[in-house]
Every structure is written in structure tokens, then in C-alpha cells.
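Student: Let me begin by handing over the structure; questions about it come next.
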Amino acid sequence: MSLAQLPPLRESLEAHGLLAKKSFGQHFLLDLNITRKIARLAGVGAGDLVIEVGPGPGGLTRALLETGAEVIAVEKDERFAPLLDELAVAAGGRLTVRLADALEVDEAALAAGRPAHVVSNLPYNVGTPLLIKWLTGPFTPATLTLMFQKEVAQRIVARPGASAYGRLAVLAQATCEAALVMEAPARAFTPPPKVDSAVVRLTPRPDRPPGPLLDALQTLTQAAFGQRRKMLRSGLKPVGGEALCAAAGIDPSRRAETLTVAEFLALAAALRPVR
Ligand code: SAM
Numbered sequence: 000m001s002l003a004q005l006p007p008l009r010e011s012l013e014a015h016g017l018l019a020k021k022s023f024g025q026h027f028l029l030d031l032n033i034t035r036k037i038a039r040l041a042g043v044g045a046g047d048l049v050i051e052v053g054p055g056p057g058g059l060t061r062a063l064l065e066t067g068a069e070v071i072a073v074e075k076d077e078r079f080a081p082l083l084d085e086l087a088v089a090a091g092g093r094l095t096v097r098l099a100d101a102l103e104v105d106e107a108a109l110a111a112g113r114p115a116h117v118v119s120n121l122p123y124n125v126g127t128p129l130l131i132k133w134l135t136g137p138f139t140p141a142t143l144t145l146m147f148q149k150e151v152a153q154r155i156v157a158r159p160g161a162s163a164y165g166r167l168a169v170l171a172q173a174t175c176e177a178a179l180v181m182e183a184p185a186r187a188f189t190p191p192p193k194v195d196s197a198v199v200r201l202t203p204r205p206d207r208p209p210g211p212l213l214d215a216l217q218t219l220t221q222a223a224f225g226q227r228r229k230m231l232r233s234g235l236k237p238v239g240g241e242a243l244c245a246a247a248g249i250d251p252s253r254r255a256e257t258l259t260v261a262e263f264l265a266l267a268a269a270l271r272p273v274r
């Protein structure tokens, strides 16, 4: 059976007696028009390697395989193994399935030295920790195309001054170009979640800050946004307060939400020698 001959996703789920499990954050995209759109936004094709987290019944996986890309799919819920094995056969060797927790996998080892694009309709419960792992960890994806709860997507792309601007925006934009590229209403999913979703596309910057600077940035944004209504001189007290602001040339009477990503990076650079 080829990819085009596979039964509709709903039939595959029924044939395998599979129902969504809340504990795994399972909300499926069964409409191939939507999954094809995500695959198009990911911009992948023949010769590319994709790491997909949480293939579940494989709707997005099918769309990614249709582009000609090779896919390594990491799924925690073993119930999907037989269904994904059928998909792997239909894909003629371009799909490898790993039954594992994506928080624990070593993506660099999976990719074996090849550049890899990360594409996922993320499980809500681990979406943010996974993103932070890819933004700051030793493995740098070629690109990331990720479906989040809309509110999280907005926090990733928020600009200074916006209420959604915080740690996630600073970390994401210090390491990547980030854009919200698609919205999906709750009714697009089976079962529908309580909130709408959106896809964010992230392209790592060639001048991505090195690991120690990212560590400092995480410490700093935690302190600064932990007390976002306070002036930096008091919000940043535990990490150097006024002296740190002076070293970075930042007015200590400003509030965290007004600082640009470049200003946070200047503070992080000043924090490293202080610590
Ligand atoms: N990709 C499918 C789709 O779009 O229909 C399913 C998306 S569903 C929102 C999230 C998927 O991630 C589920 O298949 C779930 O079992 C899986 N998952 C949840 N936690 C995971 C983890 N820690 N590691 C790997 N997969 C996980």
C-alpha cells in the first residue's frame, strides 16, 4: 500500500480501537488539508530530514512524508506503534518511529550529523519545556515549525511593551527569528481542546548566543519577569541590581517588559563576569 492508498485517519483510528488520552495531551488533526498546510509552512521536501514529536495517528506525518522528506517520529504513547508501522511500510523506508519521551531523546544522535527540521503539533503539557530544550540545548534544529496553544504562540513572538512579552519571547528571539504563521481553531482538532492553537515558525540565528550566555539570559529573565512590574534595580537585586544595570548601560528605573532582546543580551553578558 502506498501513502495515497492509506485509509482516512478516522478509519485507521477506529480499526486500531484508539481513543485520545488526555494525559498525553492528545488532540488530533485528522483533516489532511490542515496537516498539508503545516507541512508546506515547514518548507521541507525531498532530501530533508524531519524530526516529528508526537505523530499520534500520523496525520501530520503523512503530510510530511508526502513532501518527499524523511521523517523520524518520536512518540511516547506505545498504542500508536502498529498504526505508525503501517505508515512506515507505506512510506517505503522514509519513516522511522522511536517510542520514547521527546524530553529525553538526544536529537543530535537521532539525526546522526544531518541537519534536521523539527515539526510538531505539540502536546500542550510539554510544549514549552520542549521548545526551551531546542532553543538552548546542544542540538540546534535547522528550523522549527510548531503548533502551540495560541496563547503560548503569542508569548513566543511578543514584542517589548506587549503584555505577552516575557521570558519565552526573549529566549526565542535571542536565538531565532520567530513568526506566528497560522492559526487553527479548537474545532480543527479531535477531540477539540478548550483553546485555539497557532503555528510558530522559528529559524535559528546564525549568531545564536553561546550556551553560557543563554544560561545567564535564563537566570536574568527569570529574575526580571518574576517581578515584571518592579523597576530593574529591585527586580534584578538577586543578580546584581544597579551595578549590573550600570555595567550593561541600562537605566535601572526601567521595567523588564520595556527592554529589547538586545538589551537583555547586554545584561546577560554583564552578568556572566558578575556571577
Ligand atoms: N501529531 C498528531 C496530530 O497532529 O494529530 C498528534 C498530536 S497530539 C497534540 C500530541 C502527540 O504527542 C500525541 O500523539 C501524544 O501521545 C504525543 N506525546 C505526548 N507527550 C509526549 C512526549 N513527552 N514525547 C513524545 N510524544 C509525546
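Residues 0 to 274, numbered by numbering that gives the first Met the number 0, are exactly what the sequence shown covers, in order.
Yeah, the Cβ is synthetic: ideal placement off N, Cα and C, and Gly gets one too.
Quick caveat: nothing in here was measured; it's all calculated off a predicted structure.
Do L29 and L8 have their CB atoms nearer than 8 Å?
Tutor: Position 30 of the sequence shown, counted from the start, is the residue given in the question as residue 29. Position 9 of the sequence shown, counted from the start, is the residue given in the question as residue 8. Result yes, Cβ atoms of L29 and L8 sit closer than 8 Å.
Student: Examine the ligand SAM and report whether any of its heavy atoms sits within less than 7 Å of the Cβ of G24.
Tutor: Walking along the sequence shown from the start, residue 24 turns up at place 25. Taken from the Cβ of G24, at least one heavy atom of the ligand SAM lies inside 7 Å.
Student: Quick one: what's got a C-beta closer than 8 Å to A87's C-beta in the same chain, skipping five residues either side?
Tutor: In the sequence shown, residue 87 corresponds to position 88, counting from 1. Hits under 8 Å: L94, T95, V96.
Student: Can you check whether the CB of L219 is closer than 8 Å to the CB of R271?
Tutor: Here residue 271 refers to the residue found at position 272 when the sequence shown is read from its first residue. Here residue 219 refers to the residue found at position 220 when the sequence shown is read from its first residue. Cβ distance not < 8 Å, so R271 and L219 don't count as in contact.
Student: Going by the CB atoms, is the gap between C175 and L216 shorter than 8 Å?
Tutor: In the sequence shown, residue 216 corresponds to position 217, counting from 1. In the sequence shown, residue 175 corresponds to position 176, counting from 1. Contact flag unset, no.
Student: Counting pairs of beta carbons, one from the stretch 151-167 and one from the stretch 59-67, are three or more of them closer than 8 Å?
Tutor: Counting C-beta pairs with one atom in each stretch, the stretch 151-167 and the stretch 59-67 have fewer than three that are closer than 8 Å, which means they do not touch.
Student: What are the start and end residues of the beta strand (DSSP E) that includes L48?
Tutor: As a working note, residue 48 is residue 49 in the sequence shown. Per DSSP, L48 belongs to the beta strand (DSSP E) from 48-52.
Student: Consider the C-beta atom of P237 and the heavy atoms of the ligand SAM; say whether any pair is separated by less than 7 Å.
Tutor: If you number the sequence shown from 1, residue 237 lands on position 238. No.
Student: Does the beta-carbon of R274 have 16 or more other beta-carbons within 10 angstroms, so that it is buried, or is it exposed?
Tutor: Taking the sequence shown and counting its residues from 1, the one referred to as residue 274 is at position 275. Only weak support exists for where R274 lies, its pLDDT of 44 falling under 50; the value from the coordinates is given anyway. So R274 ends up on the exposed side.
Student: Tell me whether G58 counts as near the ligand SAM, meaning its Cβ is closer than 7 Å to at least one heavy atom of that ligand.
Tutor: Locating residue 58 in the sequence shown gives position 59, where the first residue counts as 1. Under cutoff, so the answer is yes.
Student: Threshold first: 3 residues or longer. Then list the beta strand (DSSP E) segments lying entirely within the stretch 172-197, N to C.
Tutor: Secondary structure in the stretch 172-197: the beta strand (DSSP E) runs of 3 residues or longer, each lying completely within the stretch, are 175-183 in chain order.
Student: Out of L102, F224, L134, E150, point me to the one whose CA is closest to L143's CA.
Tutor: Translated into the one-based positions of the sequence shown, residue 143 becomes position 144. With distances taken between Cα atoms, L143 lies closest to L134.
Student: Decide if G16 is buried, meaning its Cβ has at least 16 other Cβ atoms within 10 Å, or exposed.
Tutor: Within the sequence shown, numbered from 1, the residue matching residue 16 stands at position 17. Residue environment analysis places G16 among the exposed positions, since fewer than 16 neighbouring C-beta atoms fall within 10 angstroms of its C-beta.
Student: Give me the residue from S22, G58, A14 with the minimum Cα distance to P192.
Tutor: As a position in the sequence shown, residue 192 is number 193, starting the count at 1. The shortest C-alpha separation from P192 is found at S22.
Student: Tell me where the beta strand (DSSP E) around T144 begins and ends.
Tutor: Here residue 144 corresponds to residue number 145 of the sequence shown, with the count starting at 1. That run of the beta strand (DSSP E) goes 143-148.
Student: Residues in its own chain within less than 6 Å of P251 by CB, not counting five upstream and five downstream?
Tutor: One-based indexing of the sequence shown puts residue 251 at position 252. If we look at P251 and ignore the five residues flanking it on each side, its Cβ neighbours are L231, R232, E241, C244.
Student: Would you mind sorting N32 into buried or exposed? The rule is 16 or more other CB atoms within 10 Å of its CB.
Tutor: Position 33 of the sequence shown, counted from the first residue, corresponds to residue 32. Classification for N32: exposed.
Student: For my contact list, A72 and I37 are in at a C-beta cut-off of 8 Å; report their separation, rounded to the angstrom.
Tutor: Counting from one through the sequence shown, the residue named residue 72 turns up at place 73. Counting from one through the sequence shown, the residue named residue 37 turns up at place 38. Between A72 and I37 a beta carbon distance of about 14 Å is seen, past the 8 Å cut, so the two are scored as non-contacting.
Student: Hey, G126 and F147 are a contact pair by Cβ (cut 8 Å); roughly how many whole angstroms apart?
Tutor: The residue labelled residue 126 in the question sits at position 127 within the sequence shown. The residue labelled residue 147 in the question sits at position 148 within the sequence shown. Confirmed, Cβ separation roughly 5 Å.
Student: Taking only beta-carbon atoms, is R35 less than 8 Å away from chain D?
Tutor: No chain D appears in the structure shown, which is made up of a single protein chain.
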